[in-house]
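Asker: The following block contains the structure, expressed as structure tokens.
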Amino acid sequence: MYINPTPLLVSALLWGAPSLAKSCRNPSLGPFKPYVISAKNIEATLIPYGATLTSLLVNDRDGKQQDVAVGYDDPKQYQVDTATNHTYFGCIVGRYANRIKNGSFELDNVKYDITKNENGNTQTLHGGVIGYDQRPWTVVNHTETSVTFSLLDTGFEGFPGNVITYATYSVSSSCTEGNPKGETKLTAKTVSFALTEKTPIMLAHHIYWNLNGFKKPDVLEDTTLQLPLSKRFITIDSAAIPTGELADAATAFDGALDFTEPKLIGKDIASAKNCGAGCTGYDNAFIIDRPNKEADSSSSSESMAVALNMVSSTTGISMQVATNQKAVQIYSCNNQNGTIPVKKSQVQRNKMEGGGDSVDVINKYGCVVIETEGWIDGISNPEWGQNPYQIYSPETGPAVNWVTFAFGNS
Numbered sequence: 004m005y006i007n008p009t010p011l012l013v014s015a016l017l018w019g020a021p022s023l024a025k026s027c028r029n030p031s032l033g034p035f036k037p038y039v040i041s042a043k044n045i046e047a048t049l050i051p052y053g054a055t056l057t058s059l060l061v062n063d064r065d066g067k068q069q070d071v072a073v074g075y076d077d078p079k080q081y082q083v084d085t086a087t088n089h090t091y092f093g094c095i096v097g098r099y100a101n102r103i104k105n106g107s108f109e110l111d112n113v114k115y116d117i118t119k120n121e122n123g124n125t126q127t128l129h130g131g132v133i134g135y136d137q138r139p140w141t142v143v144n145h146t147e148t149s150v151t152f153s154l155l156d157t158g159f160e161g162f163p164g165n166v167i168t169y170a171t172y173s174v175s176s177s178c179t180e181g182n183p184k185g186e187t188k189l190t191a192k193t194v195s196f197a198l199t200e201k202t203p204i205m206l207a208h209h210i211y212w213n214l215n216g217f218k219k220p221d222v223l224e225d226t227t228l229q230l231p232l233s234k235r236f237i238t239i240d241s242a243a244i245p246t247g248e249l250a251d252a253a254t255a256f257d258g259a260l261d262f263t264e265p266k267l268i269g270k271d272i273a274s275a276k277n278c279g280a281g282c283t284g285y286d287n288a289f290i291i292d293r294p295n296k297e298a299d300s301s302s303s304s305e306s307m308a309v310a311l312n313m314v315s316s317t318t319g320i321s322m323q324v325a326t327n328q329k330a331v332q333i334y335s336c337n338n339q340n341g342t343i344p345v346k347k348s349q350v351q352r353n354k355m356e357g358g359g360d361s362v363d364v365i366n367k368y369g370c371v372v373i374e375t376e377g378w379i380d381g382i383s384n385p386e387w388g389q390n391p392y393q394i395y396s397p398e399t400g401p402a403v404n405w406v407t408f409a410f411g412n413s
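Quick note on numbering: the sequence shown equals residues 4 to 413 in this note's numbering.
Here you go:
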């Protein structure tokens, strides 16, 4: 039988032994206390509410700091957002990311009904009514360059069994074993253990990105995207539920979803019509086909593959995403409509820099969400053969979601 490690051993599994002298366990600090981690040329701020990334400062081509993570300056605004727009800005979503058809699934011939929270409460999105994004995570450890959160899920939203998750965010910009090139890098890693029963587990980091720092009204004409390993994507119906079919990115929708070579996000977006009823834009899960069928979805460094490149010509900021996951969901902020303000801190930066095209609200197509995860709703499509990567038990190893965001400028 697989023995679940203690929290201390899990922290060692994530990044090495934690600095207990700097750990933060005081529950009175509350779920909205900011925790800052930093290294040269990069600074991240996170809060325990949803284990949410609220800010990420990196340098543009002129050496000026820009906040490339969309969200709010006021940490308590994330709870307000949950009750209003429910954007899932910057949080971890789970126990099962993305959608589950009809809000139900079967395991070993037993049907489980979980809470439904989308499409007239007929299906489940991001774990149900109260997902991991709304939970107050516990701060297990905090150092200058990393923070680790934990969450004990005791059968939340109707999922079977108990699951404990450890989520660590770290930043680096010097040459280390984990960062041999000395890149300016944010690393995010979740390790989830099924404690009592067999259960689906598929977490994702739900970070909204804007590499132009809102110096432009949207990302269509200045931000280039490449998905070098994604020649296929999962087709969805009008309710954004997978149809069970996989499509060829080069031919479907006149090639609008083909990002195997770098192209502007707005180049073919008018033909991108597979994102739900009445939608034009991207909200699609792209398959990551590793070139040599390397191991994936594991804690081994060999499982990491570069899945995405993105760069803004406005700021020169580039971002390369590597992951151990089998798919990446791209959402082009199709539902933003200018009612949510840009952070005042970033608006002030733009005013000081004299940006003539800068905006103070998040417009349609004003950002990009990148979710590295498994094949969406794989538990409803057993013919895909994804259950070994999405169903876990006390006898298996943990579910590991590992992603790095490496930044540069040109």
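A virtual CB, placed ideally from N, CA and C, is assigned to each residue, including glycine.
Give the single residue among T55, P391, K266, V71 whose Cα lies nearest to the Cα of T90.
Answerer: Position 87 of the sequence shown holds residue 90. Comparing Cα positions, the closest option is T55.
Asker: Would you check if the distance between the CB atom of T202 and the CB atom of S396 is smaller than 9 Å?
Answerer: Stepping through the sequence shown from its first residue, residue 202 is reached at position 199. Stepping through the sequence shown from its first residue, residue 396 is reached at position 393. Yes, they are a contact pair.
Asker: Please classify M307: does DSSP put it in a helix, a strand, or coil?
Answerer: Walking along the sequence shown from the start, residue 307 turns up at place 304. In the structure shown, M307 sits in coil (DSSP, three-state: anything other than H, G, I, E or B).
Asker: Spatial neighbours of T227 within its chain, please: CB distance less than 6 Å, with the 5 preceding and 5 following residues excluded, ordered by chain position.
Answerer: In the sequence shown, residue 227 corresponds to position 224, counting from 1. These residues qualify, in order along the chain: P265, L267, V314.
Asker: I need the straight-line Cα distance from L230 to I272, nearest angstrom please.
Answerer: In the sequence shown, the residue the question calls residue 230 occupies position 227. In the sequence shown, the residue the question calls residue 272 occupies position 269. Their backbone Cα atoms lie some 15 Å apart in a straight line.
Asker: Helix, strand or coil for T85, going by three-state DSSP, please let me know.
Answerer: For the purposes of this step, residue 85 is taken as the residue at position 82 of the sequence shown. Note: T85 maps to helix in three-state DSSP.
Asker: Excluding five sequence neighbours on each side, which residues of the same chain lie with their C-beta closer than 6 Å to the C-beta of N44?
Answerer: Taking the sequence shown and counting its residues from 1, the one referred to as residue 44 is at position 41. Here the set comprises N62, S176, T187.
Asker: Would you mind listing the beta strand (DSSP E) stretches within the region 115–201 that are 3+ residues and don't spill past its ends, in chain order?
Answerer: 141–145, 149–157, 165–175, 187–197
Asker: How far does the alpha helix (DSSP H) with Y392 in it extend, from its first residue to its last?
Answerer: Locating residue 392 in the sequence shown gives position 389, where the first residue counts as 1. First-last of the alpha helix (DSSP H) with Y392: 390–393.
Asker: Would you tell me roughly how many angstroms separate the C-alpha atoms of G341 and F236, rounded to the nearest one?
Answerer: For the purposes of this step, residue 341 is taken as residue 338 along the sequence shown, with counting starting at 1. For the purposes of this step, residue 236 is taken as residue 233 along the sequence shown, with counting starting at 1. Cα to Cα, G341 sits roughly 29 Å from F236.
Asker: When you compare only the Cα positions, how much space is there between Q323 and E248?
Answerer: For this step, residue 323 is matched to residue 320 along the sequence shown. For this step, residue 248 is matched to residue 245 along the sequence shown. Approximately 28 Å, taken between the alpha carbons.
Asker: Can you tell me whether D136 is buried or exposed, with buried defined as 16 or more other CB within 10 angstroms of its CB?
Answerer: Position 133 of the sequence shown, counted from the start, is the residue given in the question as residue 136. Buried: at least 16 other Cβ atoms inside 10 Å.
Asker: If you pair each beta-carbon of the region 326–344 with each one of the region 362–376, do three or more pairs fall below 8 Å?
Answerer: yes
Asker: Can you tell me where the beta strand (DSSP E) holding E46 begins and where it ends?
Answerer: Here residue 46 corresponds to residue number 43 of the sequence shown, with the count starting at 1. Start and end: 45–50.
Asker: Buried or exposed: where does V83 fall if 16 or more other Cβ atoms within 10 Å of its Cβ makes it buried?
Answerer: Along the sequence shown, read from residue 1 onward, the residue named residue 83 stands at position 80. Exposed: under 16 other Cβ atoms inside 10 Å.
Asker: If you follow the beta strand (DSSP E) that V350 is part of, which residue opens it and which one closes it?
Answerer: Walking along the sequence shown from the start, residue 350 turns up at place 347. Note, V350: premise wrong, no beta strand (DSSP E); alpha helix (DSSP H) at 347–356.
Asker: Considering only the beta carbon of each residue, do C94 and H209 sit closer than 9 Å?
Answerer: Sequence index remark: in the sequence shown, residue 94 carries index 91 (1-based). Sequence index remark: in the sequence shown, residue 209 carries index 206 (1-based). Yes, the pair counts as a contact, with Cβ atoms nearer than the cut-off.
Asker: Short of 6 Å in beta carbon distance, which residues of its chain neighbour A191, apart from the five on each side in sequence? Order them along the chain.
Answerer: For this step, residue 191 is matched to residue 188 along the sequence shown. Answer for A191: Y172, H208, V406, listed in chain order.
Asker: Across which residues does DSSP place W496 in a beta bridge pair?
Answerer: The shown model of the chain, from 4 to 413, leaves out residue 496, and the question about it has no answer.
Asker: On the DSSP bridge list, what partners appear for L230?
Answerer: The residue given as residue 230 occupies position 227 in the sequence shown. None, per the DSSP bridge assignment.
Asker: Near D111, what residues of its chain come up, given a Cβ to Cβ distance below 8 Å and the 5 sequence neighbours on each side ignored?
Answerer: For the purposes of this step, residue 111 is identified with residue 108 of the sequence shown, where counting begins at 1. Closer than 8 Å at Cβ, skipping near neighbours: K201.
Asker: For E46, which residues from the same chain have a beta carbon less than 7 Å from its beta carbon, with the 5 sequence-adjacent residues on both sides left out?
Answerer: The residue labelled residue 46 in the question sits at position 43 within the sequence shown. Taken in chain order, the residues that qualify are V39, L60.
Asker: Tell me whether A273 sits in a helix, a strand or coil according to DSSP, three-state version.
Answerer: If you number the sequence shown from 1, residue 273 lands on position 270. Residue state, collapsed to three classes: helix.
Asker: Considering Cα atoms alone, identify which of K184, I50, A197, R98 is closest to Q80.
Answerer: Residue numbering aside, residue 80 sits at position 77 when the sequence shown is read from its first letter. The candidate whose alpha carbon is nearest that of Q80 is I50.
Asker: Taking C-alpha atoms, which residue in F289, N215, K347, S233 lies nearest to R64?
Answerer: For this step, residue 64 is matched to residue 61 along the sequence shown. Of the listed residues, the one whose Cα sits closest to R64 is N215.
Asker: Between which two residues does the beta strand (DSSP E) holding D70 run?
Answerer: If you number the sequence shown from 1, residue 70 lands on position 67. Where D70 is concerned, the enclosing beta strand (DSSP E) stretches over 68–70.
Asker: Which whole-angstrom value is the C-beta distance of N353 and K218, which I expect to be below 8 Å?
Answerer: Along the sequence shown, read from residue 1 onward, the residue named residue 353 stands at position 350. Along the sequence shown, read from residue 1 onward, the residue named residue 218 stands at position 215. Between K218 and N353 the Cβ distance is about 6 Å, and since that is below 8 Å, they are a contact.
Asker: Please tell me whether T168 and L154 are closer than 9 Å, where the distance is taken between their beta carbons.
Answerer: The residue you call residue 168 lines up with position 165 of the sequence shown. The residue you call residue 154 lines up with position 151 of the sequence shown. In contact: T168 and L154 (Cβ atoms closer than 9 Å).
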